[in-house]
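**Q** Please see the structure below; I have some questions.
In our numbering, the protein residues as written are 1091 to 1332.
Next up, the structure:
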């Protein structure tokens, strides 16, 4: 079964313009992500999908593969789908271009989820123990059923712990996705759902239209870079790990 990892990267990021080209210890951020994904050895092809010739050129300069997509995509999933339509891979991974520390065990576990033929779409989640993060609307929470299929995603704390039980368990969603090819193309063709528009979470479109999402637990904390401050935090983490 052929697998491809597509890394969407746009130039006009609202909170951190041109972050894909931002320097991180001597390399652009997009190079960190591409090398991390390529280095896992899990994929037949690793491709950056971008709307910017500057990013395309930079990726090719460091030896990566990239393709130019339309600029008007509403989401990274749409950009990934445009690139995936030109590939013959049966499994498509969407690895965000701002996840420089994404690790091989997480991606391998996500790949293993597709050993179950009924899995059409999958994503990652990590334990959430910090009360501040639980209350943070930027940390997306997910609840799952007994088979680890997502029941709901929310920016609110879910489930609500009415009795203050010490056994309550929370999961934070990590926005790395994998799809069977036909599921991805179906997903991006669907109209946005009511819940998706309320929460501003595109994964709810899948649930609203009856596409199950298998959630895969990981210890990876999903350190995405959305602001220049996040970039400094990752620099500090890399320095501390030396």
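The C-beta atom is built at its ideal place from N, Cα and C for all residues, glycine as well. Just so you know, these numbers come straight off a predicted model, no measurement behind them.
Touch check for the stretch 1207-1219 and the stretch 1117-1137: three-plus C-beta pairs under 8 Å?
**A** no
**Q** Would you mind sorting residue 1200 into buried or exposed? The rule is 16 or more other CB atoms within 10 Å of its CB.
**A** If you number the chain shown from 1, residue 1200 lands on position 110. By the 10 Å Cβ count, residue 1200 comes out buried.
**Q** Which residue comes first and which comes last in the beta strand (DSSP E) that contains residue 1243?
**A** Stepping through the chain shown from its first residue, residue 1243 is reached at position 153. That run of the beta strand (DSSP E) goes 1240-1244.
**Q** Could you spell out the range, first to last residue, of the beta strand (DSSP E) harbouring residue 1304?
**A** For this step, residue 1304 is matched to residue 214 along the chain shown. Taken as a continuous stretch (DSSP letters only), the beta strand (DSSP E) holding residue 1304 covers 1304-1307.
**Q** Scan the stretch 1140-1183 and note each continuous alpha helix (DSSP H) run of 4 residues or more that stays entirely inside, going in chain order.
**A** 1143-1151 and 1166-1174
**Q** How far does the beta strand (DSSP E) with residue 1270 in it extend, from its first residue to its last?
**A** On the chain shown, position 180 is the one that residue 1270 refers to. It spans 1261-1270 - the beta strand (DSSP E) in which residue 1270 sits, taken as one unbroken run.
**Q** How close, in whole Å, do the beta carbons of residue 1180 and residue 1271 come, if the pair is a contact with beta carbons under 8 Å?
**A** Your numbering for residue 1180 matches position 90 in the chain shown. Your numbering for residue 1271 matches position 181 in the chain shown. Their Cβ separation, rounded to whole angstroms, is 6 Å, which keeps residue 1180 and residue 1271 in contact under 8 Å.
**Q** Between which two residues does the beta strand (DSSP E) harbouring residue 1195 extend?
**A** Against the chain shown, residue 1195 aligns to sequence position 105. Per DSSP, residue 1195 belongs to no beta strand (DSSP E); it is in the alpha helix (DSSP H), 1194-1202.
**Q** Just curious, the beta strand (DSSP E) that residue 1120 is in, first and last residue?
**A** One-based indexing of the chain shown puts residue 1120 at position 30. Looking at the DSSP string, residue 1120 is not in any beta strand (DSSP E); the run it does join, the alpha helix (DSSP H), is 1119-1128.
**Q** Rounded to whole angstroms, what's the CA-CA distance from residue 1203 to residue 1196? Just pull it up for me.
**A** If you number the chain shown from 1, residue 1203 lands on position 113. If you number the chain shown from 1, residue 1196 lands on position 106. The straight-line gap from Cα to Cα measures roughly 11 Å.
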